[in-house]
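K.L.:
Numbering (UniProt numbering), first residue to last: 1 to 92.
Structural data, given as structure tokens:
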């Protein structure tokens, strides 16, 4: 891999990492994680019926769609785990 490609890939990986940390911080400060989960699911539902928030040159990319789906599923699972563990009747 050439240096420019490696730097671009590292930049993207760093951005994804920082965005995930920002989402975790937001979730931890949300007063009701189950409401945050419901809001997330609503956003995903809206995204499936509206234009995707990706650059126009990438909108037809099956690969990008698959990666977006995978990241959305990962974040949904993380939200579910957090909401369940912080539910009023949990043992936490």
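Built from N, CA and C at the ideal position, the CB exists for glycine as well.
Predicted, not measured: the structure shown is a model, and the values here were computed from it.
How would you write the range of the alpha helix (DSSP H) that residue 56 sits in, first residue to last?
P.N.:
No alpha helix (DSSP H) contains residue 56, which DSSP labels as neither H nor E.
K.L.:
Go ahead and pull the three-state DSSP assignment for residue 42.
P.N.:
Helix at residue 42.
K.L.:
What is the rounded straight-line gap between the Cα of residue 85 and the Cα of residue 37?
P.N.:
One C-alpha to the other measures close to 13 Å.
K.L.:
Taking residue 75 as the reference, give the member of 11, 16, 89 with the closest Cα.
P.N.:
The residue with the shortest Cα to Cα distance from residue 75 is 16.
K.L.:
Among 59, 25, 88, whose alpha-carbon lies nearest the alpha-carbon of residue 78?
P.N.:
The residue with the shortest Cα to Cα distance from residue 78 is 25.
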